[in-house]
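Participant:
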Amino acid sequence: MRHELMSVALVADREDLEARAHDWELVLHLVASHHGWCRPFPPAVADPPPGEDVELAVDLDGEPVQLRRSSAHDLARLDGGIAERFAQLQRRYGWWGLAWLEALLRLADHRASEHQDSVHPKENP
């Protein structure tokens, strides 16, 4: 299972998170595309049979947020809404505008990973 799609499934129905967003559809797209996929389609992968619930605890502005969702979501399907959201956002922000926003997030993610690796270096076997 692609973690990008599971991440979208975890947050998609959270009205408390949606209320904080300037553009909720953009937030969902950036979650889905943060590794370069879902532009417009998610990668084809052989998923295990769905059924397990996925739980995640996150800290949002100092407040703990508990996320839970079944792994049985249909976001990887062609009609799962990922491609439609991508097309809608391209119309809203333009080809280059949406790509620029995606690039900002990906580069910030790279820098955060670099910082985390420098603070907590991985041990080489």
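Residue numbers (our numbering): 605 to 729. We put the CB at the ideal spot given by N, CA and C, even for glycine.
1. What are the boundary residues of the alpha helix (DSSP H) that glutamate 659 is part of?
2. What is the residue span of the alpha helix (DSSP H) that valine 612 lies within?
3. Alpha carbon to alpha carbon, how far is histidine 633 from histidine 607?
4. Roughly how far, in whole angstroms, is the beta-carbon of valine 612 from the beta-carbon of leucine 679, given that I think they are within contact range, below 8 Å?
5. Given a threshold of 16 other Cβ atoms within 10 Å of its Cβ, counted over all protein chains shown, does phenylalanine 690 qualify as buried or as exposed?
6. What three-state label does DSSP hand leucine 679 in the structure shown?
7. Can you name the start and end residues of the beta strand (DSSP E) that glycine 672 belongs to?
8. Going by the beta-carbon positions, is the gap between glutamine 694 and leucine 682 smaller than 8 Å?
9. Quick test of your reading: leucine 614 and arginine 673, contact by CB under 8 Å. State the CB separation rounded to the nearest angstrom.
10. Taking just the CA atoms, how far does tryptophan 641 sit from glutamate 627?
11. For glutamate 706, count the other beta carbons within 10 Å of its own beta carbon; 16 or more makes it buried, fewer makes it exposed. Which is it?
12. Grab the span of the alpha helix (DSSP H) containing valine 635 for me, first residue to last.
Facilitator: In short, the structure shows the following:
1. The residue labelled residue 659 in the question sits at position 55 within the sequence shown. First-last for glutamate 659: 657-664, but that is the beta strand (DSSP E), not the alpha helix (DSSP H).
2. Working through the sequence shown from its first residue, we reach residue 612 at position 8. Its alpha helix (DSSP H) spans residues 607-616.
3. Looking up residue 633 in the sequence shown gives position 29. Looking up residue 607 in the sequence shown gives position 3. Approximately 14 Å between the Cα atoms of the pair.
4. The count along the sequence shown starts at 1 and reaches residue 612 at position 8. The count along the sequence shown starts at 1 and reaches residue 679 at position 75. That belief holds up - the Cβ atoms of valine 612 and leucine 679 are roughly 6 Å apart, short of 8 Å.
5. Along the sequence shown, one-based indexing puts residue 690 at 86. Buried is the label assigned to phenylalanine 690, since at least 16 other Cβ atoms lie within 10 Å of its Cβ.
6. Along the sequence shown, read from residue 1 onward, the residue named residue 679 stands at position 75. In the structure shown, leucine 679 sits in coil (DSSP, three-state: anything other than H, G, I, E or B).
7. Your numbering for residue 672 matches position 68 in the sequence shown. Per the sequence presented here, residue 672 reads as arginine, with glycine not at that position. Looking at the DSSP string, the run of the beta strand (DSSP E) that includes arginine 672 is 667-674.
8. Residue numbering aside, residue 694 sits at position 90 when the sequence shown is read from its first letter. Residue numbering aside, residue 682 sits at position 78 when the sequence shown is read from its first letter. The Cβ atoms of glutamine 694 and leucine 682 lie no closer than 8 Å to each other.
9. Reading the sequence shown from its first residue, position 10 is the one you call residue 614. Reading the sequence shown from its first residue, position 69 is the one you call residue 673. With a contact defined as Cβ atoms closer than 8 Å, leucine 614 and arginine 673 qualify at about 5 Å.
10. Position 23 of the sequence shown, counting from 1, holds the residue named residue 627. Position 37 of the sequence shown, counting from 1, holds the residue named residue 641. Sequence check: residue 627 is aspartate here, not glutamate. Looking at the two C-alpha atoms, the distance is approximately 20 Å.
11. The residue you call residue 706 lines up with position 102 of the sequence shown. It counts as buried.
12. Position 31 of the sequence shown, counting from 1, holds the residue named residue 635. Here the alpha helix (DSSP H) through valine 635 covers 628-637.
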